[in-house]
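Worksheet for the structure shown next.
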Amino acid sequence: MSHEYVSDHEHDVSVEYLYPADSDVLDIYERDDRLYLEVATVCPECSETLALTAPVESVTEVDVDLPLDEEYYD
Ligand SMILES: [Zn+2]
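Sequential numbering of the sequence shown, starting at 134, is according to the working numbering.
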């Protein structure tokens, strides 16, 4: 069973067809004492740009430098 989310777009977005290299962070903001990320990505079916909103569930240290270069996605 897939996790339900609110969407005003006609196509479902499936992780199989979503790529980090096609995505970028639009915004990071706080609402009701919780951090949220807004990520822009491309709909695999119609190429429309979509904004995905996600609550931050963890913060961990990671050994990469920003901005990420192309090699990171290989
Ligand atoms: Zn679409």
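Positions of the beta carbon are idealized from the N, C-alpha and C atoms, including for glycine.
Predicted, not measured: the structure shown is a model, and the values here were computed from it.
Worksheet item: Between which two residues does the beta strand (DSSP E) harbouring Leu201 extend?
Response: Per DSSP, Leu201 belongs to no beta strand (DSSP E) and is neither H nor E.
Item to complete: Name the residue from Glu171, Ser191 and Val139 whose alpha carbon lies nearest to the alpha carbon of Val158.
Response: Sorting Glu171, Ser191 and Val139 by C-alpha distance to the C-alpha of Val158 places Glu171 at the top.
Worksheet item: Can the beta-carbon of Thr174 be found less than 7 Å from the beta-carbon of Leu183?
Response: Yes; because the gap between Cβ atoms is below 7 Å, this pair is in contact.
Worksheet item: Can you name, in chain order, every residue of its own chain whose Cβ lies under 8 Å from the Cβ of Val192, other than the five neighbours on each side?
Response: Beyond the five residues adjoining it in sequence on each side, Val192 comes within less than 8 Å, by CB distance, of no other residue in the same chain.
Item to complete: Reducing DSSP to helix, strand and coil, say where Tyr138 ends up.
Response: In the structure shown, Tyr138 adopts coil according to DSSP, grouped into three states.
Practice prompt. May I ask whether a heavy atom of ligand 1 can be found less than 6 Å away from the beta carbon of Glu208?
Written response: An answer regarding residue 208 cannot be provided, because it is not within the stretch 134 to 207 covered by the chain.
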